[in-house]
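>
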Amino acid sequence: MADYALSYPEAGYADLLNMLDIPHAPLTDRLREGMDRTEARLRACVTEATDPFVVTTAGHLIEAGGKRLRPLLVLLGAEFGDPVGDHLVDAATIAELVHVASLHHDDVMDRATTRRGRPTANACYGNAVAVFSGDWLMAKAARIAAELGDTSVRLHTETIERLVEGQLRELIGPGPDDDRLAYYLEVIAGKSAALISAALRLGALEAGAGTELVERVGEYGEQLGIAFQIGDDLIDVTSAQSDSGKQRGQDIASGVVSLPVLLALEDTSPANAELRDLLTAGPVPGTPEHTRAVDLLCASDAIPSARKVLDERLARARRVLTTLPDDHAVRALDSLCDYVSRRTN
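One point on numbering: in full-length UniProt numbering, the residue at position 87 of the sequence shown is 87, and numbering is uninterrupted.
1. Helix, strand or coil for residue 119, going by three-state DSSP, please let me know.
2. Note down the Cα distance separating residue 80 from residue 134, rounded to an integer number of angstroms.
3. Can you list, in chain order, the stretches of the alpha helix (DSSP H) that have 4 or more residues and sit fully within the segment 37-68?
4. Where does residue 114 sit, in a helix, a strand or coil, going by DSSP?
5. For the alpha helix (DSSP H) that contains residue 238, what are its first and last residues?
6. Throw me the rounded Cβ distance for the residue 328 and residue 27 pair, which I believe falls under 8 Å.
7. Whether or not the segment 172-189 and the segment 208-217 are in contact is what I'm after, with contact meaning three or more pairs of Cβ atoms, one per stretch, closer than 8 Å; do they touch?
8. Classify residue 242: buried if its beta carbon has 16 or more other beta carbons within 10 angstroms, exposed otherwise.
9. Where does residue 242 fall in DSSP's three states?
10. Once you ignore the five residues that flank residue 255 on each side, which residues in its own chain have a CB closer than 8 Å to its CB?
11. Using CA atoms only, rank isn't needed, just tell me which of 168, 169 and 142 is closest to residue 157.
12. Take the Cβ of residue 24 as the centre, count every other Cβ of all protein chains shown within 10 Å, and call the residue buried at 16 or more, exposed below.
13. Go through its chain and collect everything with a Cβ distance to residue 259's Cβ below 7 Å, but skip five positions before and after it.
14. So residue 221 and residue 187 are in contact, right, with Cβ under 8 Å, and what is the actual spacing, rounded?
15. Locate the alpha helix (DSSP H) running through residue 280, then write down its first and last residues.
16. By DSSP, does residue 345 sit in helix, in strand, or in coil?
17. Which residue from 345, 336 and 292 puts its Cα closest to that of residue 22?
18. Is any beta-carbon of chain B found at less than 8 Å from that of residue 97?
19. For residue 119, I'd like the list of residues in its chain whose CB is within less than 8 Å of its CB, leaving aside the five on either flank, ordered along the chain.
20. At the level of alpha carbons, what is the spacing between residue 20 and residue 31?
21. Does any heavy atom of the ligand MN sit closer than 7 Å to the C-beta of residue 50?
22. Out of 253, 105 and 314, which one is the CA nearest neighbour of residue 138?
23. Spatial neighbours of residue 193 within its chain, please: C-beta separation below 6 Å, excluding the five flanking residues on both sides.
24. Run through DSSP, which three-state label would residue 248 get?
Okay, structure coming up:
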């Protein structure tokens, strides 16, 4: 039988921790230890598959590394209660398993060929294998959630419902009478912000925080998650592939109406006519028309307009932080807002 052992790069979450302004060494040490243990748990989860081929396919994107933002948010959410215990590592593992599973599915839907600087699972193994590998990761996350208890299971299933509904709404698209910006924000609240919010809530819940505090932390995560997705929309247009790990203009190639695309389509000025026509036609990836559309979009007013919406959501997130106990975890969450803002500049 072939050897499907995985080879993991240096943990990317160390870079994220270093980017955050956490002026409290005990918190930094606690987060680093928690992330180290979560990374080990993720790897162990994948190797629990009975078939070595599943080990490879389900571990494909886990092996690629990443910032591990969602597990970090679980651990930061736990700081509003008792931040010690093996169950918190399990909770952090759930958040990343669901996230990676959703990436498997996203890449199939978007026909993406690169992710995190390497070929996607669907590019390597085909769409069916990529989808079922994502399903396996979802099942593994559900199993761990069941071990944590009913409250975690409810939060887990609610989050999956929001993720799937958000993706379905993106596929269906707005109706003729819908406000397109409001529709877009509802879509990304489901497909992106839901998991970021749930990660913080799960950490706070498992740490024994009170109900009101859990909801406030979750609302911060909702606003941060919306801003984060808008940032991804901007990075898709403005960053080179080497920076984002994805092909530039992937959203345009896949027909995804990102916020910059939406704003460009709504700009009816004569100067925007060429871009509007290209986006409406849906340029084919790898063609001069696709390159032209991406370049025009990058230079258009849609980019600063999208950044303004991102900044508004970060401002909302920061306002929620003012209602939380003033401690080192709040400062770390405020620093995450800075990180989300910087990554698009």
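Ideal Cβ placement from N, Cα and C applies to all residues, glycine included.
The structure says:
1. In the displayed model, residue 119 falls within a strand according to three-state DSSP.
2. Roughly 31 Å separates the two Cα atoms.
3. Entirely contained in the segment 37-68, the alpha helix (DSSP H) runs reaching 4 residues are, in chain order, 52-58 and 60-63.
4. In the structure shown, residue 114 adopts extended strand secondary structure according to DSSP, grouped into three states.
5. For residue 238, the enclosing alpha helix (DSSP H) has its first and last residue at 211-238.
6. Between the beta-carbon of residue 328 and that of residue 27 there is about 5 Å, and that keeps the pair under the 8 Å contact cut.
7. Judged by Cβ distances under 8 Å, the segment 208-217 makes no contact with the segment 172-189, as fewer than three pairs qualify.
8. Because residue 242 carries a pLDDT of 41, less than 50, the predicted location of this residue cannot be relied on, and no value is offered for it.
9. No answer about residue 242 holds up, because its pLDDT of 41 lies below 50 and its placement is not dependable.
10. Contacts found: 282.
11. Of the residues 168, 169 and 142, the one whose Cα lies closest to the Cα of residue 157 is 142.
12. Within a 10 Å sphere around the beta-carbon of residue 24 sit fewer than 16 other beta-carbons, which makes this residue exposed.
13. Excluding sequence neighbours, residue 259 sits near 184, 230, 233, 306 and 309.
14. Residue 221 to residue 187, Cβ: 17 Å. No contact.
15. Element bounds for residue 280: 273-281.
16. Coil, per DSSP.
17. Nearest C-alpha to residue 22: 336.
18. As a matter of chain content, chain B is missing from the structure shown, which is built from one protein chain.
19. For residue 119, where only same-chain residues beyond five positions count, the Cβ hits under 8 Å are 113.
20. Their backbone Cα atoms lie some 12 Å apart in a straight line.
21. Looking for the ligand MN in the displayed structure turns up nothing, as the structure carries no ligands at all.
22. Just measuring C-alpha positions, the residue of 253, 105 and 314 sitting nearest residue 138 is 105.
23. Shown here for residue 193: same chain residues with a beta carbon closer than 6 Å to its own, the five before and five after excluded, namely 222, 225 and 226 in chain order.
24. Of the three classes helix, strand and coil, the one that applies to residue 248 here is coil, per DSSP.
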